[in-house]
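**Student:** Structure incoming, see below.
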Amino acid sequence: MRLTTWLVMIALMLPVVPALAQERPYVSTARLEPGAILREEMGAIRDANAKLEGTIRKAQADLEEVARLTMQDEREIQIDQLFVSLREEIYVILDQLDSNSPFSDALNRAREGTLVLRAWYQRQPENYPNRDASIQQLDQAVSEYADLNQNLQEGRAVAQDKLAAVIRQHRVVIQQMKIDKVQEALASARAVVDGLNDITHKIGDIETRTNEALAMPNPIPN
Amino acid sequence: MKEIYSNNEIALPANAPTRIILSWVPGSPNIDVLCFAVGAGARVPGDEWLVFFNQPRSPNEAIQLGLQGQRAALGIQPDRLPGSVQRCLIMVVPEDDRGFGGVRDLSVDIQPPGSPVLRYRVPIPSRGKAQLVVELGRSMRGWRLRAMDQVFEVGLAELVTRHGVAVSDSPAPSPPPVREARPPSPAPVPPARNARPPTPAPAPTRADPPPRRRRRRLLRWVLVLLVLTLAGGVGYYLYRPFPLPAAGPWLARLQDWMPDTGPPPVVADPPAVSDPERCGLDAETVMARYHQLGNNYLKISEVIEDGDALRSSLSRQLRELELVCPEPFLAANREQLEILAELPIPGWFAETQLLSLCMGALNDRVQAQLEQSNPVAVTRRLTAQADDYRRVESDLTNIARELAYYRNKQERLQEAFRTHLDICAQFE
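These protein sequence lines map, in sequence, to chains A and B. Going by the numbering used here, 4 is the number at position 4 of the first sequence; the sequence numbering is gapless. Take any residue in the second sequence, note its place counting from 1, add 1000, and you have its number in the numbering used here.
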């Protein structure tokens, strides 16, 4: 393209340039809409939970299979694989419930943002439009987020506890198998597997709380 | 030999080849090493810009791949790459169907010309089918190399098509693959792979413009940018209803747009607030402090987001580590704790509260003036001023919300880095 063509194009653009150069708000690329993230991350947690439920069901069926095996080595390999796969599933859940996970970040962002808005409304004069109703609504949102955070911490504690149980019982069960206490070993393994349902129930609670928080009438106007 | 870690960056000279050697432990499944030389949209400018075992050289021999056993050596000479190539993505794809399950001790030795060798021990992911381990990219200051650990859930075939390589089902007319040069792995023979590396369809080679034309084109762009910048500045000066902000924040903002290539940005201490309940500032000071706040908020955001990315990377590395934590790992955690401890987020949060109060007062004042009878020209000016004040007030509320979140995130990050150090201390 010839230089003169460029100059004509620049001349045509000049009236637009001041508009582009106007003051723009300071927006970090990291600024995100917490509601959308909560919804998205909840979906990921729900998927991981469904996978864990599937693994629990499969593990229960596998244990019945192991009971029918006659070779000790084969039984040990099966039990070993079962415990390792359970452990990996719990790691995935723990990552998602971590205090620095995207879900936790979105929850804290929503809660802190709501607190700032509530403080802003509180600083306004009493006759500011919808002041008290807005404060009341934001208070309710803060309370929902606090409950959800409590649920999240409980879920993390349950998952951590169950992981410790899986690791502890893994060793116990393998040792029991070696001394031919197969039925006792399988009973211990079944107890561990059944106990994992506590995690799936807790995540169910988190999901219910998240849906309640998200269903609130526009807690964070963006 | 110096160790580097995920997200570490180094500058590369462009006029000599940088050697990148990937090696993994014998007994691990074989790994395919691929280099995508990509341009806009992370797509290759032509099929010839995917370098892998079946096509071990790119045009101009800018990228060359050599394979021997559990080693792959890449030589990349940036100044031979055409302008259409912005980045080179070096990826690894295990041949084993279990993904990275059986891979052990994958390391990348980087030897820039005239510099000592740097070793990057790649954190092996527990999931995924492919991993981006090294990225070379153009930056404002020349070529840079970055250690990466980005995992992909897609296999080789999809990875290749995603980067714009045409996949042909029919075998290439070229001589048979050089794959035989690679001795078989001593590991048990893995099951046959579902996805063989696709053969790039023959594509016409794109000739790069001659250097003189390239220089002229570059000069033209520089000229255009210069004129646009000047015109923008003049336009801003003529149309702006506010006095221009000081040059400092603009420069700092420009720096924030640049890619992060150095130490974390320095966040200034907030101005002292004598009485947070009362605004004693004039409009001009409020605006100047708003810009100061805005720039420092962006820097805080950068420090926190970088810290979070590093936390995530260090957590992954911690899982892969042997019982003893290496010193660079400990140093990275300690350094982050220091950076976070010095971040004056509460002070800047208090500043948002004061400026929000001031902006409310300014808004009220303009509103009162608007309610008097004024000539139309004055009313227009007051309306424009009210618009600006309202926008700034809204922005201040958003910044306050973000800073409140960052204050909270700062504590959670500190806790995470302290936990890393505690875990390492337990194994000492």
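Glycine residues also receive a C-beta, built at the ideal position from the N, C-alpha and C atoms. For clarity, every value in this text was computed on a predicted model and none was experimentally measured.
Would the beta-carbon of residue 1159(B) fall within 9 Å of that of residue 1152(B)?
**Tutor:** By 1-based counting over the second sequence, the position of residue 1159(B) is 159. By 1-based counting over the second sequence, the position of residue 1152(B) is 152. Their beta carbons are under 9 Å apart, which means residue 1159(B) touches residue 1152(B) by this criterion.
**Student:** Sort 196(A), 41(A) and 180(A) by Cα distance to residue 101(A) and report the nearest one.
**Tutor:** Indexing the first sequence from 1 puts residue 101(A) at position 101. Answer by Cα proximity: 41(A).
**Student:** In whole angstroms, what separates the C-alpha of residue 1264(B) from that of residue 55(A)?
**Tutor:** Locating residue 1264(B) in the second sequence gives position 264, counting from the first residue. Locating residue 55(A) in the first sequence gives position 55, counting from the first residue. Approximately 44 Å between the Cα atoms of the pair.
**Student:** Using CA coordinates, which residue listed in 153(A), 163(A), 151(A) and 113(A) is at the minimum distance from residue 141(A)?
**Tutor:** On the first sequence, residue 141(A) is found 141 positions in, with the first residue counted as 1. Checking every option, the nearest Cα to that of residue 141(A) belongs to 113(A).
**Student:** In three-state DSSP terms, what is residue 1196(B)?
**Tutor:** Along the second sequence, read from residue 1 onward, the residue named residue 1196(B) stands at position 196. Note that residue 1196(B) scores a pLDDT of 44, beneath 50, so its modelled location is shaky and nothing firm can be said.
**Student:** Show which residues of chain A have a CB atom less than 7 Å away from the CB atom of residue 1400(B).
**Tutor:** Sequence index remark: in the second sequence, residue 1400(B) carries index 400 (1-based). Correct list: 116.
**Student:** Just checking my contact of residue 1135(B) with residue 1214(B) at CB under 8 Å: how many whole Å lie between their CB atoms?
**Tutor:** On the second sequence, position 135 is the one that residue 1135(B) refers to. On the second sequence, position 214 is the one that residue 1214(B) refers to. About 24 Å separates the two Cβ atoms, so there is no contact after all.
**Student:** Got a sec, what are the start and stop residues for the beta strand (DSSP E) residue 1088(B) sits in?
**Tutor:** Position 88 of the second sequence, counting from 1, holds the residue named residue 1088(B). Note, residue 1088(B): beta strand (DSSP E), 1087-1094.
**Student:** Starting from residue 70(A), follow the beta strand (DSSP E) in both directions and report where the run begins and ends.
**Tutor:** Looking up residue 70(A) in the first sequence gives position 70. First-last for residue 70(A): undefined, no H or E at that position.
**Student:** Quick check: what's the CA-CA separation for residue 1383(B) versus residue 1359(B)?
**Tutor:** Counting from one through the second sequence, the residue named residue 1383(B) turns up at place 383. Counting from one through the second sequence, the residue named residue 1359(B) turns up at place 359. Their Cα atoms are separated by approximately 15 Å.
**Student:** Considering Cα atoms alone, identify which of 1020(B), 1392(B) and 1054(B) is closest to residue 1288(B).
**Tutor:** Residue numbering aside, residue 1288(B) sits at position 288 when the second sequence is read from its first letter. The residue with the shortest Cα to Cα distance from residue 1288(B) is 1392(B).
**Student:** Near residue 48(A), which residues of its chain fall below 7 Å by C-beta distance, leaving aside the five closest residues on each side in sequence?
**Tutor:** Looking up residue 48(A) in the first sequence gives position 48. Counting only Cβ-Cβ distances below 7 Å, and skipping sequence neighbours, we find 92, 93 and 96.
**Student:** Since residue 1133(B) is in the beta strand (DSSP E), which residue starts that stretch and which ends it?
**Tutor:** As a first step, residue 1133(B) must be located in the second sequence, where it is residue number 133. Note, residue 1133(B): beta strand (DSSP E), 1130-1139.
**Student:** Please identify the residue among 1090(B), 1035(B) and 1280(B) whose C-alpha is closest to the C-alpha of residue 1354(B).
**Tutor:** In the second sequence, residue 1354(B) corresponds to position 354, counting from 1. If we check each option's Cα against that of residue 1354(B), 1280(B) comes out closest.
**Student:** Using 9 Å as the limit for Cβ to Cβ distance, is residue 228(A) near chain B?
**Tutor:** Nothing can be reported for residue 228(A), as the shown portion of chain A is limited to 1 through 222.
**Student:** Would you tell me roughly how many angstroms separate the C-alpha atoms of residue 1179(B) and residue 65(A), rounded to the nearest one?
**Tutor:** As a working note, residue 1179(B) is residue 179 in the second sequence. As a working note, residue 65(A) is residue 65 in the first sequence. At residue 1179(B) the pLDDT is 41, less than 50, meaning the model places this residue with poor confidence and gives no usable figure here.
**Student:** Closer than 8 Å by beta-carbon distance: list the chain B residues that pair up with residue 99(A), in chain order.
**Tutor:** In the first sequence, the residue the question calls residue 99(A) occupies position 99. In chain order: 1412, 1415 and 1416.
**Student:** From residue 182(A) to residue 1420(B), what distance separates their C-alpha atoms?
**Tutor:** What you label residue 182(A) is simply residue 182 of the first sequence in a count that begins at 1. What you label residue 1420(B) is simply residue 420 of the second sequence in a count that begins at 1. Roughly 39 Å separates the two Cα atoms.
**Student:** Taking the Cβ atom as the reference point for each residue, do residue 1127(B) and residue 116(A) lie within a distance shorter than 9 Å?
**Tutor:** Within the second sequence, numbered from 1, the residue matching residue 1127(B) stands at position 127. Within the first sequence, numbered from 1, the residue matching residue 116(A) stands at position 116. No, they are not a contact pair.
**Student:** Let's test the definition: count the other Cβ atoms within 10 Å of the Cβ of residue 201(A) and tell me whether it reaches 16, buried, or not, exposed.
**Tutor:** In the first sequence, the residue the question calls residue 201(A) occupies position 201. Answer is exposed; the Cβ neighbour count stays below 16.
**Student:** Rounded to a whole number of angstroms, what is the C-alpha to C-alpha distance between residue 1371(B) and residue 1357(B)?
**Tutor:** For the purposes of this step, residue 1371(B) is taken as residue 371 along the second sequence, with counting starting at 1. For the purposes of this step, residue 1357(B) is taken as residue 357 along the second sequence, with counting starting at 1. About 21 Å.
**Student:** Going by beta carbon distance, what residues of the same chain come within less than 8 Å of residue 90(A), once the five residues before and after it are set aside?
**Tutor:** Locating residue 90(A) in the first sequence gives position 90, where the first residue counts as 1. Excluding positions up to five away in sequence, the list reads 52, 159, 162, 163, 166, 196 and 199.
**Student:** Taking contact to mean at least 3 C-beta pairs separated by less than 8 Å, is the segment 1063-1075 of chain B in contact with the segment 1113-1123 of chain B?
**Tutor:** The segment 1063-1075 of chain B vs the segment 1113-1123 of chain B: no contact.
**Student:** Report the CB separation of residue 26(A) from residue 1395(B) in whole angstroms; it is logged as a contact under 8 Å.
**Tutor:** Indexing the first sequence from 1 puts residue 26(A) at position 26. Indexing the second sequence from 1 puts residue 1395(B) at position 395. Residue 26(A) to residue 1395(B), Cβ: 6 Å. Contact.
**Student:** Give me the chain A residues within the contact set of residue 1389(B), using Cβ-Cβ distance strictly less than 7 Å, ordered along the chain.
**Tutor:** By 1-based counting over the second sequence, the position of residue 1389(B) is 389. Per Cβ cutoff of 7 Å: no residues; residue 1389(B) is ~12 Å from chain A at best.
**Student:** For residue 1034(B), write down the residues that DSSP places opposite it in a beta bridge.
**Tutor:** Looking up residue 1034(B) in the second sequence gives position 34. Bridge partners of residue 1034(B): 1091(B).
**Student:** Roughly how many angstroms separate the alpha carbons of residue 1320(B) and residue 1103(B), rounded to a whole number?
**Tutor:** As a first step, residue 1320(B) must be located in the second sequence, where it is residue number 320. As a first step, residue 1103(B) must be located in the second sequence, where it is residue number 103. Rounded to the nearest angstrom, the two C-alpha atoms are 12 Å apart.
**Student:** Do we get a CB-CB distance below 9 Å when we pair residue 53(A) with the residues of chain B?
**Tutor:** Here residue 53(A) refers to the residue found at position 53 when the first sequence is read from its first residue. Output row for residue 53(A): interface = no.
**Student:** Below 7 Å on C-beta distance, what does residue 112(A) contact in chain B?
**Tutor:** In the first sequence, the residue the question calls residue 112(A) occupies position 112. Per Cβ cutoff of 7 Å: 1401, 1404, 1405 and 1408.
**Student:** Could you please give me the residues that DSSP links to residue 1143(B) through a beta bridge?
**Tutor:** In the second sequence, residue 1143(B) corresponds to position 143, counting from 1. DSSP lists 1012(B) and 1138(B) as partners of residue 1143(B).
**Student:** Taking 9 Å as the threshold (beta carbon to beta carbon), is residue 1397(B) in contact with chain A?
**Tutor:** Working through the second sequence from its first residue, we reach residue 1397(B) at position 397. Output row for residue 1397(B): interface = yes.
**Student:** Between residue 1260(B) and chain A, is the shortest Cβ-Cβ distance under 9 Å, so that the two count as touching?
**Tutor:** Taking the first residue of the second sequence as 1, we reach residue 1260(B) at position 260. Reliability fails at residue 1260(B), whose pLDDT of 47 lies under 50, so the model's placement of it is uncertain and the value that follows must be treated cautiously. Answer no: the Cβ-Cβ gap between residue 1260(B) and chain A never drops below 9 Å.
**Student:** How should residue 1405(B) be labelled, buried or exposed, when 16 other C-beta atoms within 10 angstroms of its C-beta is the threshold for buried?
**Tutor:** Here residue 1405(B) corresponds to residue number 405 of the second sequence, with the count starting at 1. Per the 10 Å Cβ criterion, buried.
**Student:** Taking the continuous alpha helix (DSSP H) assigned at residue 1117(B), which residues delimit it?
**Tutor:** As a working note, residue 1117(B) is residue 117 in the second sequence. Run containing residue 1117(B): none; DSSP gives neither H nor E here.
**Student:** Check distances from the C-beta atoms of the segment 117-149 of chain A to those of chain B and list, in chain order, the residues that come in under 9 Å.
**Tutor:** Under the 9 Å Cβ criterion, the segment 117-149 of chain A contributes 117, 119, 120, 123 and 124.
**Student:** So, helix, strand or coil for residue 1063(B), using DSSP?
**Tutor:** Taking the second sequence and counting its residues from 1, one reaches residue 1063(B) at position 63. Of the three classes helix, strand and coil, the one that applies to residue 1063(B) here is strand, per DSSP.
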